[in-house]
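Here's the structure we're looking at; comments come further down.
There are 2 protein chains.
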Amino acid sequence: MKTMTLDAPKVSAPPMPMGMRPAESRVRTRRAERPTAAQRVLSVLDVFDQEHLVLTLSEISRRAGLSLSTTHRLVGELKEWGALDRRDDGRYTIGLRVLELGSLEPQGLRLRTVALPYLSDLHSAIAADVMLSVRDGTDIVYVESLRSRRGAPVLTRFGGRWPMHATATGQVLLAHAPLDVQHEVLDGDLRRFTAKTCTDGDDLRRRLGDIRSAGYTIVDEAITTGAVAIAVPVFGQADRVVSAIGATIRRGSCPPESVLPALSMAARAISRRLGGGRS
Amino acid sequence: MKTMTLDAPKVSAPPMPMGMRPAESRVRTRRAERPTAAQRVLSVLDVFDQEHLVLTLSEISRRAGLSLSTTHRLVGELKEWGALDRRDDGRYTIGLRVLELGSLEPQGLRLRTVALPYLSDLHSAIAADVMLSVRDGTDIVYVESLRSRRGAPVLTRFGGRWPMHATATGQVLLAHAPLDVQHEVLDGDLRRFTAKTCTDGDDLRRRLGDIRSAGYTIVDEAITTGAVAIAVPVFGQADRVVSAIGATIRRGSCPPESVLPALSMAARAISRRLGGGRS
């Protein structure tokens, strides 16, 4: 089974871009062993992130730690399938087939279908960006993001992955996450984005308790200076928290609490549609 | 290079669901040869579509035409990376990592970033669903879709892939596509969805000319009974058509032409931001 020509995995940590957790190569986690064929395919996809949207063949090769000939072959197969797209200048990007496939992720699909009309109403009603996120391990991923021309200059975008401690929807989801996930996050590296990011495990633990009793969180400039985020949970069946809705306002434009009633109404309407929402 | 245990590719055409082109296995197109390792990885992802969001291991195995043991190994590797997610009931779905990766597709990313505020205004201004699409080969893919509670009961959704001849944004993109793409579509199989779907190549060719001169198209119940769609082009640099904006209204709710001014304004605003937009 292991007779294929294997490339030496040149593991080089990609630079950590500010405000955007890179697509950390999950493939590389087991690189004491030789990579399997599947891992090499995935390592080619892994080299693309928010800071690396368009790459040459040799950049892909270098970032994936694969030989140029292996990269050439894999990129060709991925292109044929639609996972990669080749631009006129010869460089490569992620293809629309991946977007199409990703849209089938059921949590996001279900939530977008149910929540979008309410988020859209919310977005019209408040002068703020509106976003919907779900937990993926110890991160959150935005499965919907409605931007406004009046919104804050935040980095939130559809498909973006962020650590839980520094985002409003992330804190809400963490407050309702299983204990082992909470421990993993609280005992782990709480990355600092700004002077106001909560990076102390004990502070964060207390804050999670507050979120559970208050039903919302306000996160002030924890990632982006000038932006304040507020978030509330969305309940699914058995009153399990399945998602969080957040709104981001420009700091000073209005009291963050003033968007809470509209945010809560949207969350309650969505929760009811999902079979949750107590009382 | 080819000493791995290879599975006989049991090519079984998946059923064609109404209104949703399935993820046609592009992997299978060269199945006179033995599938490569990459092709087998991709064939596992290929089995998921709008009608098959959640699958057991044996369903994946059967639909991909791979042995159960190969499927088990590949699914495990894809799960570890995040491409697949294992639910509590043991069945598998596409994972959030694919959504995250797909969000990096640059056309959609750029268009969403630029267009979303305008689409959002448009969506607030007209009682209609609003969508943004780009061409992918001879199909279109919706890179944004804002649904409204007042909208028509259409199948349009973010990430959805559709043939060009039957959709309003598709007709606009086809009218401005390279000639070889037009020929491929016009001479190909023009699938019928309803009695009103335009399936005649000559009729469609004339219609494309009309679209180029009029600057918009109205598509009446071509896919969904009760829904009328209207679409206009979005121009990028060198006045190349890079996208199309569409709106879908309930048939009879208002004259379709009445949403055209708002639609055109949004398209012009987005085109200007993209460096296009003539005059």
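Chains as they are written, first to last, in our numbering: chain L, 9 to 287; chain P, 9 to 287. Positions of the beta carbon are idealized from the N, C-alpha and C atoms, including for glycine. Being a predicted model, the structure only gives us computed values, none of them experimental.
Cut-off 7 Å between Cβ atoms - residues of its own chain near residue i, not counting five sequence neighbours on either side
i, result
"residue 204 of chain P", "228, 229, 230"
"residue 118 of chain L", "none"
"residue 279 of chain L", "242, 243, 285"
"residue 277 of chain P", "126"
"residue 80 of chain P", "65"
"residue 3 of chain P", "Summary: the structure shown does not reach residue 3 of chain P, with chain P confined to residues 9 through 287, and so no result is reported for it."
"residue 171 of chain P", "29, 147, 178, 199"
"residue 194 of chain P", "209, 212, 213"
"residue 219 of chain L", "179, 180, 183, 225"
"residue 185 of chain P", "143"
"residue 131 of chain P", "138, 154, 156"
"residue 89 of chain P", "105"
"residue 133 of chain P", "270"
"residue 164 of chain L", "137, 139, 150, 153, 256"
Beta bridge counterpart(s) of residue i as assigned by DSSP
i, result
"residue 169 of chain P", "P/149"
"residue 184 of chain P", "According to DSSP, which records beta bridges pairwise, residue 184 of chain P is partnered with nothing at all."
"residue 239 of chain P", "P/225, P/254"
"residue 101 of chain P", "P/93"
Range of the contiguous alpha helix (DSSP H) that encloses residue i
i, result
"residue 278 of chain P", "268 to 281"
Boundaries (first-last residue) of the beta strand (DSSP E) holding residue i
i, result
"residue 258 of chain P", "249 to 258"
Close-in-space but distant-in-sequence residues of the same chain around residue i (CB under 8 Å, 5 per side omitted)
i, result
"residue 223 of chain L", "240, 241, 272"
"residue 82 of chain P", "48, 49, 52, 74"
"residue 283 of chain P", "244, 245"
"residue 91 of chain L", "53, 102, 103, 105, 106"
"residue 250 of chain P", "115, 119, 142, 242, 243, 244, 282, 284"
"residue 168 of chain P", "28, 58, 149, 150, 153"
"residue 268 of chain P", "224, 238, 240"
"residue 95 of chain P", "62, 101"
"residue 196 of chain P", "146"
Residues near residue i in its chain [Cβ-Cβ closer than 6 Å; skip 5 each side]
i, result
"residue 76 of chain P", "69"
"residue 72 of chain L", "51, 52, 55"
"residue 121 of chain P", "none"
"residue 237 of chain P", "176, 227, 254, 256"
"residue 166 of chain P", "150, 153"
"residue 123 of chain L", "140, 278"
"residue 264 of chain P", "226, 236, 238"
"residue 93 of chain P", "101, 103"
"residue 275 of chain L", "240, 242, 253"
Discussion item. Within 8 Å, do at least three Cβ pairs link the region 124 to 133 of chain L to the region 91 to 102 of chain L?
Written reply: no
Worksheet item: In chain order, which continuous runs of the alpha helix (DSSP H) of length 4 or greater are located wholly inside the region 193 to 235 of chain L?
Response: The qualifying runs are 209 to 222.
Worksheet item: Between the region 103 to 123 of chain L and the region 105 to 124 of chain P, do three or more beta carbon pairs fall short of 8 Å?
Response: Remark: three or more beta-carbon pairs, one from each stretch, lie closer than 8 Å, so the region 103 to 123 of chain L and the region 105 to 124 of chain P are flagged as touching.
Fill in: the region 205 to 218 of chain P in contact with the region 134 to 151 of chain P per 3-pair CB rule at 8 Å
no
Discussion item. I'd like to know if the region 135 to 142 of chain L and the region 165 to 185 of chain L are in contact, where contact means that at least 3 CB-CB pairs between them fall below 8 Å.
Written reply: In short, these stretches touch, since the Cβ pair count reaches three.
Discussion item. Report the start-end ranges of each beta strand (DSSP E) in the region 103 to 158 of chain L that is 3 residues or longer and not cut off at the edges.
Written reply: 137 to 144, 147 to 154
Item to complete: Please go through the region 30 to 97 of chain L and give each complete beta strand (DSSP E) segment of 3 or more residues, from N-terminal end onward.
Response: 92 to 94
Worksheet item: Does the count of Cβ pairs from the region 42 to 51 of chain P and the region 46 to 53 of chain L closer than 8 Å reach three?
Response: yes
Worksheet item: Three or more C-beta pairs closer than 8 Å, one from the region 245 to 261 of chain P and one from the region 187 to 199 of chain P: is that the case here?
Response: no
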